[in-house]
Each structure stands twice: as structure tokens, then as C-alpha cells.
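Since the structure comes first, as C-alpha cells, the remarks are kept for the end.
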Ligand code: ADP
């Protein structure tokens, strides 16, 4: 009976997982549960390249995790629950406390709960995931990988806000940066594939439903477009990204909205969805824009412009740019967005090979491009699995 480890990546209404065979580090099964807590939740399960999707009502993360473990048992990927010796969780906010992954104990759980004030949409569901496994797999060790940890190398000049100092000193209000496991995976992979010289000054663009850019110097994060929370930075699928802070009290007063209402509006009703009034999905917007929908085109234009602006800004953080990498749903699959972003970067010496770009190739730069451009599929679960082994001292 071989030992296995499970990587869990849970969002507010979704959960992704990968089960690894421990000694080989091979993926035995993977999948995701979507729309947890809604009537139409689905469970997608993949083994040996075969995918099955079933509709299954799941009220909460405990039900979703139970479905995952049942799926592993009924498909005979595991014969008994005890084969899973450890579970790793991606945790949204580690505040100033966690610069590295840790083994979960009562004190760590209390800290994750305490940090929910900084990440009200994510830390509570991450904690629910940990507690669900305590019930379902009580023998398994649990490890926490924090979204913020990779960014602990950001220098004070980039993480401080221009607020009275005591908000930082007494209340930890500063930029933290998120999507750490994704940016770290991309940085490590790019350095492995292309060498350390070619990747010295790198910008990684994680463009999924959530989106953030990271500036990495010699493999270390020196800036992140996300901030105190994952709401900051780029406009995303449904999140506003950066706005003038004065807009918030203005809206609260003008429309008699509570801060909870405004938080919901900024997180769930804004971004590509809010601007277009149509969809948070770049594919839908692209199609609509082609058919003449002007608001869809506007949403895409703003999206692309903000990515360009951050790339411009991060080029100064890095004092130049050697490599630009695109990843996550949009970054990996939308040649149109990559092309539009790079069209305004010719001043940096960015030139795409159109054919390679259309093919989502690993390298999409033209031979005479000064900056190298790559498309690398992200793998946050690989970082979670690595952390499990590191923290538990497994060779
Ligand atoms: P998450 O952030 O939830 O992990 P993903 O990284 O999977 O999400 O990205 C999801 C987004 O990727 C979708 O909302 C969609 O906009 C985009 N996407 C996926 N495939 C394509 C594609 N072929 N072309 C353009 N956009 C795509």
C-alpha cells in the first residue's frame, strides 16, 4: 500500500485537488468541485487522462471534501483513507506571520482565523477545508501554504502605503501580495527551463479569474499588483482592482450602502463583468466584441491597458526586463490578450512570433525580440505538494 499526499486549493465556492503518489511525486488523480453552496454544483474527476463530470449538490466545503475522498475510494485510486498520510492547503492570508509553509496545529488554526479580518472571503473557507479534513481524515498531517509567503521579499518601499505610519505599525496594513504558489511555480519553472541569466529580471502575469502581476528579481518577488487584500491591482473577472479610494465613501454616502454592500460590489459585481454588463469570461467578451458589442470591447481594452501599465511600472522595479511570462486561464489560452498586451511593449523590445502565439507555444517571442516571452501553465498544487514534503521532512 503506497503512501499518498493530497494538495487542496480551495476558493470561496470552488475546490481543486491533486492526489500524488508520495515517492514518485506522480499525479494519481485530480479534479475540482465548482459552485459549492449553490444548487448546481458539479464534481469533475480525472484519472489516467479520463475525465468524468457529475452534478452533485454540495452545501459546503465539508460536503465537497467528502465527495473528493469518496471519489478516490470508489474509483480505487485509494483502497483505504489511511493511504493519504498528509494534506496540504493553500491559505489566502498569512499576514506578517508566515513567510514559509507550516504544519497545521491549534495555534496555526487560531492565527488563520484571526487573519480572516484581512481576508474575509478566503481565510474562513480555507479554515473550513482544514477542519473538514480533521473530521474525514483524522490521521493525516495537515500543512498550510500561504498565498502571501512568496512575496515576503518585497522591500518596504514597495509594500508601504502612504498612510499614517501607525496603521502599519499597530495594524499590519501594508501590501502583502497574493497568488504566491502560482508566481513561485512559474519563477522556478522558467529558471529551470531557460536558465538563471535569461530570467534575472522577470514579470509573471497570472491572468485567471483573479489576476495579478509579480516582479521577480533573481527568482525573488520584489513587487505584486495585489495588496493588503486580493482585491487590489488589476481589474479582474469580477473584482475592481485599484480604484481611487475616495470612491468608496462617496458610494456609501450617495447610495446609503453599508461597507459590506460595497465590499460585495467591488469583489463580485465589478471588473470585466461590471464593465461589460455581460460576462467575467474573456472568451465571451472576445466573441461579443467581435460581434460589435462596444462595452465588451471597452472591458477588454481597460483590462489590457492595466496589464500594460503594471508591466511598465515593474520594468522600473527591475531596472529592465529579461523575460515576460503569461499563465492561468487567460494567460495560457488567450493569444488575443497576449498579443494586445505586447503590442504596446515594443519600446521595451518585446516582439511576438504571431504563429507561436496563436499556438500557445512555450516560447512566443520572435527571434529578434530583446525580451523573451513565455507561456507556462501554472501548477499551484505542485508547490503545495512540495511544501508538504518540506515541512514534514519527507525525502
Ligand atoms: P481561476 O482563477 O478560477 O483558477 P483560471 O485560471 O482557470 O481561473 O482562469 C479562468 C478564466 O480563464 C476564465 O474566466 C476565462 O476568462 C479564461 N479562459 C479560459 N480559457 C480561455 C480561452 N481559451 N480564451 C480566453 N480566456 C480563457
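In the numbering used here, the protein residues as written are 1 to 395. Positions of the beta carbon are idealized from the N, C-alpha and C atoms, including for glycine. Given the structure is predicted, the values throughout are model-derived calculations rather than measurements.
Selection from the options that minimises the alpha carbon distance to residue i
| i | options | result |
| --- | --- | --- |
| residue 387 | 87, 244 and 13 | 87 |
| residue 371 | 315, 109 and 393 | 315 |
| residue 360 | 345, 336 and 120 | 336 |
| residue 322 | 350, 305 and 205 | 350 |
| residue 5 | 319, 85, 133 and 94 | 85 |
| residue 262 | 278, 276, 102 and 245 | 245 |
| residue 39 | 31, 50, 58 and 27 | 58 |
| residue 222 | 317, 294, 267 and 97 | 317 |
| residue 65 | 49, 52 and 19 | 19 |
| residue 91 | 104, 102 and 123 | 123 |
| residue 132 | 8, 169 and 28 | 8 |
| residue 145 | 100, 271 and 111 | 100 |
| residue 177 | 192, 119 and 48 | 119 |
| residue 55 | 172, 43 and 63 | 43 |
| residue 312 | 375, 138 and 225 | 225 |
| residue 235 | 215, 47, 137 and 276 | 276 |
| residue 181 | 290, 37 and 206 | 206 |
| residue 451 | 62, 35 and 31 | As displayed, the chain neither begins before 1 nor continues past 395, which places residue 451 out of reach and without an answer. |
| residue 329 | 208, 27, 192 and 142 | 208 |
| residue 37 | 15, 192, 28 and 363 | 15 |
| residue 26 | 111, 238, 382 and 141 | 382 |
| residue 154 | 142, 393, 174 and 167 | 174 |
Three-state class that DSSP yields for residue i in the structure shown
| i | result |
| --- | --- |
| residue 206 | strand |
| residue 327 | strand |
| residue 371 | coil |
| residue 18 | strand |
| residue 73 | helix |
| residue 36 | coil |
| residue 54 | strand |
| residue 84 | strand |
| residue 103 | strand |
| residue 266 | helix |
| residue 352 | strand |
| residue 96 | coil |
| residue 283 | helix |
| residue 256 | coil |
| residue 357 | helix |
| residue 291 | coil |
| residue 387 | helix |
| residue 309 | helix |
| residue 121 | coil |
| residue 316 | helix |
| residue 239 | coil |
| residue 340 | helix |
| residue 2 | coil |
| residue 247 | helix |
| residue 334 | coil |
| residue 62 | helix |
| residue 378 | coil |
| residue 322 | coil |
| residue 394 | coil |
| residue 114 | helix |
| residue 132 | helix |
Residues that DSSP places opposite residue i in a beta bridge
| i | result |
| --- | --- |
| residue 145 | 90 |
| residue 31 | 17 and 45 |
| residue 126 | Answer is none; residue 126 lacks a bridge partner. |
| residue 7 | 18 and 88 |
| residue 26 | 21 |
| residue 365 | 352 |
Buried/exposed call for residue i, threshold 16 Cβ in 10 Å
| i | result |
| --- | --- |
| residue 106 | exposed |
| residue 347 | exposed |
| residue 203 | buried |
| residue 117 | exposed |
| residue 365 | buried |
| residue 194 | buried |
| residue 52 | exposed |
| residue 231 | buried |
| residue 306 | buried |
| residue 378 | buried |
| residue 162 | exposed |
| residue 253 | exposed |
| residue 258 | exposed |
| residue 98 | buried |
| residue 71 | buried |
| residue 49 | exposed |
| residue 157 | exposed |
| residue 396 | As shown, the chain starts at 1 and ends at 395. That puts residue 396 outside it, with no answer to give. |
beta-carbon residue i near the ligand FMN non-hydrogen atom, thresh 6 Å
| i | result |
| --- | --- |
| residue 283 | The ligand FMN is absent from the structure shown, which contains only the ligand ADP. |
> Which ranges does the alpha helix (DSSP H) cover as unbroken runs of at least 4 residues, wholly within the region 155 to 236, from first to last along the chain?
Replying inline: Taken in chain order, the complete alpha helix (DSSP H) segments of 4 residues or longer contained in the region 155 to 236 are 156 to 159, 165 to 171 and 180 to 194.
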